[in-house]
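Visitor: In this note's numbering, the protein residues as written are 906 to 1217.
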Ligand code: DON
């Protein structure tokens, strides 16, 4: 088994020379300005070490990766009641699909597609002002990462507020079925701001350590909930590419349209990668490849170690 740092260095060097980097997210104008040549990767270990390569200290927009943290807060606060509002099945549809939501009468398939994440944010917003909830989300993420220097990029939040008509449609749709407590604009205000949290790969990898359940990592949630969040990351974390990610990587992961991926090696490590170019399902193109390489190098998979560098 190669050394983690050697593997990260080789992956970062290889990714630096790649031309086929995917497309940055254009539907959020502020994200369309991000340099597609950026690449960072970091591995946080339960013994407090963080190994990294490339642009691993530059903050990027975590976007949908924030859904893992809001799901954690929601399960901690509401427990299994949450499942009356949102399912836990893979959607097989695009992250912002409207089709399935109508078919299933306003109850989103899972907490990671946009409709499901909006329902989760709505559930934990109930009775609070968006500012209070955002303070709670930031406190959660900062405590998980052991780092107070984590903030919301308000320009990104404003940019999505101005253009997020599709999310407004999803939220209004749920409201029409009685599956939204707050006014759609209020819930979306909180949702767009949680998506606009910025973290570096090093910070994000550290923030994911609680999901490894390894001894010595922060205990943000009971072990049963952590296990279940990992299951949903595995089955739903990459939307209609979740099956492919499980096939190629074999680890629970969550992507965001900022180009980040958080990936959990249960009991062992938390990995964050960032490359802003996306594939057609809206997941980081080189980020997925990088994690596939790292997992294969290290023999990391919940399905058993792989012994060939190129299993295909
Ligand atoms: O709601 C949206 O469309 C974005 N704020 C987040 C979507 C996202 O990150 C999808 N992930 N790959």
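Ideal placement from N, C-alpha and C gives every residue a C-beta, glycine not left out.
All values derive from a computational prediction rather than experimental measurement.
What does a CB cutoff of less than 8 Å around residue 1042 pick up in its chain, not counting 5 residues either side in sequence?
Guide: Only 971, 974, 975, 978, 1099, 1102 meet the Cβ criterion.
Visitor: Among 1008, 1007, 1012, which one has its Cα closest to the Cα of residue 993?
Guide: Closest option to residue 993, Cα to Cα, is 1012.
Visitor: In this structure, how does DSSP classify residue 944 when only helix, strand and coil are distinguished?
Guide: Three-state DSSP puts residue 944 in coil, outside helix and strand.
Visitor: Among all the DSSP beta bridges, which residues are the ones paired with residue 1166?
Guide: 1160, 1178
Visitor: In this structure, does DSSP put residue 1217 in helix, strand or coil?
Guide: Note that residue 1217 scores 46 on pLDDT, short of 50, meaning its location in the model is unreliable; the coordinates nonetheless yield the value given after this. Looking at residue 1217 - three-state DSSP - the assignment turns out to be coil, as it is neither helix nor strand.
Visitor: Counting Cβ pairs, one atom from each stretch, are 3 or more of them under 8 Å apart for the region 1135-1144 and the region 1011-1025?
Guide: The region 1135-1144 makes contact with the region 1011-1025: 3 or more CB pairs, one atom from each, lie closer than 8 Å.
Visitor: Provide the residue(s) that pair with residue 1103 in DSSP beta bridges, ordered along the chain.
Guide: Residue pairing by DSSP places residue 1103 opposite 966, 1056 in a beta bridge.
Visitor: Have a look at 981, 1194, 935 and flag the residue whose alpha-carbon is nearest the alpha-carbon of residue 1062.
Guide: Ranking 981, 1194, 935 by Cα distance to residue 1062 puts 935 first.
Visitor: Using CA atoms only, rank isn't needed, just tell me which of 995, 944, 991 is closest to residue 1148.
Guide: 995
Visitor: Spatial neighbours of residue 1108 within its chain, please: CB distance less than 7 Å, with the 5 preceding and 5 following residues excluded, ordered by chain position.
Guide: 1050, 1052, 1055
Visitor: Closer than 6 Å by C-beta to residue 911: which residues in its own chain qualify, once you throw out the five before and the five after it? Chain order, please.
Guide: none
Visitor: Taking the straight line between their C-alpha atoms, what separation do you get for residue 1124 and residue 961?
Guide: 25 Å
Visitor: Would residue 1113 and residue 949 be called neighbours here (beta carbons separated by less than 9 Å)?
Guide: yes
Visitor: Look at the alpha carbon of residue 1176 and the alpha carbon of residue 946, and state the distance between them as a whole number of angstroms.
Guide: 7 Å
Visitor: Skipping 5 residues on each side, what residues in its chain have a beta carbon closer than 6 Å to that of residue 1058?
Guide: 1101, 1103, listed in sequence order.
Visitor: Give the range of the alpha helix (DSSP H) segment to which residue 1075 is assigned.
Guide: Its alpha helix (DSSP H) spans residues 1070-1081.
Visitor: Could you check if residue 980 belongs to the surroundings of the ligand DON, using beta carbon to heavy atom distance under 8 Å?
Guide: No.
Visitor: Confirm the yes/no value for this check: CB of residue 1162, any heavy atom of the ligand SAH, distance under 8 Å.
Guide: Looking at this structure, you won't find the ligand SAH anywhere; what it does contain is the ligand DON.
Visitor: I'd like the list of long-range same chain contacts for residue 928, defined as Cβ closer than 7 Å, with 5 residues on each side in sequence excluded.
Guide: 1182, 1183
Visitor: Note the first and the last residue of the continuous alpha helix (DSSP H) segment covering residue 977.
Guide: 971-983
Visitor: State buried or exposed for residue 907, treating a residue as buried only when at least 16 other CB atoms are found within 10 Å of its CB.
Guide: exposed
Visitor: Flag residue 923 as yes when its Cβ comes closer than 8 Å to any non-hydrogen atom of the ligand DON, and as no otherwise.
Guide: no
Visitor: Measuring only from the beta carbon, is residue 1071 closer than 8 Å to any heavy atom that is part of the ligand DON?
Guide: yes
Visitor: Pull up the distance between the alpha-carbon of residue 1216 and that of residue 1192, whole angstroms please.
Guide: For residue 1216, the pLDDT reaches just 47, beneath the cut-off of 50, and the residue's location in the model is therefore unreliable, leaving the point undetermined.
Visitor: Give the DSSP-derived three-state secondary structure of residue 991 in the structure shown.
Guide: coil
Visitor: Using the Cα positions of residue 1197 and residue 1154, report the straight-line distance between them to the nearest angstrom.
Guide: 5 Å
Visitor: Quick check on residue 958: does DSSP put it in helix, strand or coil?
Guide: The three-state secondary structure of residue 958, taken from DSSP, is strand.
Visitor: According to DSSP, is residue 909 helix, strand or coil?
Guide: It is helical.
Visitor: Around the Cβ of residue 920, are there at least 16 other Cβ atoms within 10 angstroms (buried) or fewer (exposed)?
Guide: Its Cβ being crowded by 16 or more others within 10 Å, residue 920 is buried.
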